[in-house]
Structures are given as structure tokens and as C-alpha cells.
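Written below as C-alpha cells is the structure these notes are about.
Residue numbers (the numbering used here), protein chains in the order written: chain A, 183 to 297; chain B, 35 to 146.
Shown next as C-alpha cells:
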């Protein structure tokens, strides 16, 4: 399967712990996005990469959040000192990155629960 | 903040009926996209309509766009139980339009 892959699917952690999520985009896709979605809401943009360059970060992405895409392939999203308000579904998406206004291909997400 | 807002928030219909949901947005756009999300899963792209298009069809889906009213509608005809999902409109932000912002979604339940 060559879709967007996210790991883990579920993560339960205690408040104050650090967590890291991984996203493997579709192999020929140059753009990679992170979104956060809470129950009953639409996805909220966090950040996106064009190849290895992080081009934009939302104000939602506090200093406790960091995202990387070191070789322009997979990406990681780390949350340090987790808080209960961080509980959400974290979605990764990718697109070709050749044109503007492309459609996004989403992974199944990582559901984070902070106790 | 989210640019698009869907209406209604929830919709319950019988299999075979049509489902219509609307999306309103705030700023000028050059395209609008619709996505579907099954419970606990990622979003799946359904259709993209450009600002110079008024209507677009894809299978049982029909999308309209009225840029003067800053609104779009998604019609699902002859609904099936498998259409049960949340539907989101998404609009681009930024000069290149490479960042999509999503509305709050319409939750559609199709009863068999």
C-alpha cells in the first residue's frame, strides 16, 4: 500500500511526558502537512513542509511542539511536556508539491490521549 | 481560526434520499475542496471546484460554488449507508494556496 502511513495509531501518555509521532507520506510527494483534530471539529492546520524545509507554522504550534522532516521523506511531530489539552487526533497529509492548490492525501491519524 | 463553516452540523436521512450540505467561507478563494471522513479515520478528497466553475459532478456527488455569496454546496444523490461520514469543505489560505483550512463539518447519518 502506498498511502500515507502514521504511527502509532493510538498513544496514551501521562501529563508531562514527551511523545513523538511519525508520518510516512506517499513516496513521490514533496509536501507534508500536520493537522490536529478534536472531537466534532474540523482539522486545524499545524505546519507544513516542502521537501525538508518547514515553510509555515501555525500559532497553534506552541514551543512544546516541534516537527521535522530531515531528509524530505518521513516526518516526526514531537510534543514535549504534554498537557491534557493536547489530547486530539494528529493527522498527517501529503501532496505532490508540484502545483498550487493540490488535493491532500491523509493518513489515518494518531489518536493522543493525555491522562 | 477556520474559514469555512458547514451547515447543517448534522443530517440524518434514509437510504436512497439525497443529502445536501452547505459551506460558507469568508475570503476570496480560487478553489474549494470537499473531503469525507469516516469515524476514526483520515480524510479522503472528494472533489475540487475552481472559482471559475459554478457546478461540478463526480459520480453521485454534485458540488456548486457561488463566489458572489462565498458559499458552496455538496449534494449526495441516492444516498447509501456507506455514505455515513463527516463531510468537510476546505479552502486555501496564503498566496500559493498550499495550506488548506477546514470547516467544522457536517455529520451525515444514512439509515438503511
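Here a beta-carbon is modelled for each residue, glycine too, at the ideal position from N, C-alpha and C. The structure displayed is predicted, hence computed values, not measured ones.
Cα atoms of residue 47 of chain B and residue 276 of chain A: separation of roughly 33 Å, rounded to the nearest angstrom. Contact annotation for residue 273 of chain A against chain B: 76, 77 [CB-CB distance below 8 Å, chain order]. In this structure, the straight-line span from the alpha carbon of residue 199 of chain A to that of residue 101 of chain B is close to 47 Å.
Taken through DSSP and simplified to helix, strand or coil, residue 266 of chain A comes out as helix. Listed as beta-bridge partners of residue 65 of chain B by DSSP are B/84.
Shown in chain order are the members of the stretch 214–247 of chain A whose Cβ falls below 7 Å from a Cβ of chain B: 223, 224, 225, 227, 230, 238. Among the residues of chain A, those whose CB is under 9 Å from the CB of residue 67 of chain B are 283, 285, 286, following chain order.
Take the alpha-carbon of residue 202 of chain A and the one of residue 284 of chain A: they are about 27 Å apart. Among the residues facing chain A, residue 135 of chain B is included, as its CB has a counterpart in that chain under 8 Å away. DSSP places residue 117 of chain B within a helical segment (H, G or I) once states are collapsed to three.
Rounded to the nearest angstrom, the Cβ distance from residue 279 of chain A to residue 212 of chain A is 3 Å, consistent with a contact under 8 Å. The stretch 69–84 of chain B makes no contact with the stretch 235–252 of chain A, as fewer than three CB pairs between them are under 8 Å. Interface residue (Cβ-Cβ distance to chain B less than 8 Å): residue 254 of chain A is not classified as such. Rounded to whole angstroms, the separation of the alpha carbons of residue 94 of chain B and residue 229 of chain A is 33 Å. With its beta carbon at least 8 Å from every one in chain B, residue 267 of chain A lies outside the interface. In the structure shown, the three-state DSSP call for residue 101 of chain B is coil.
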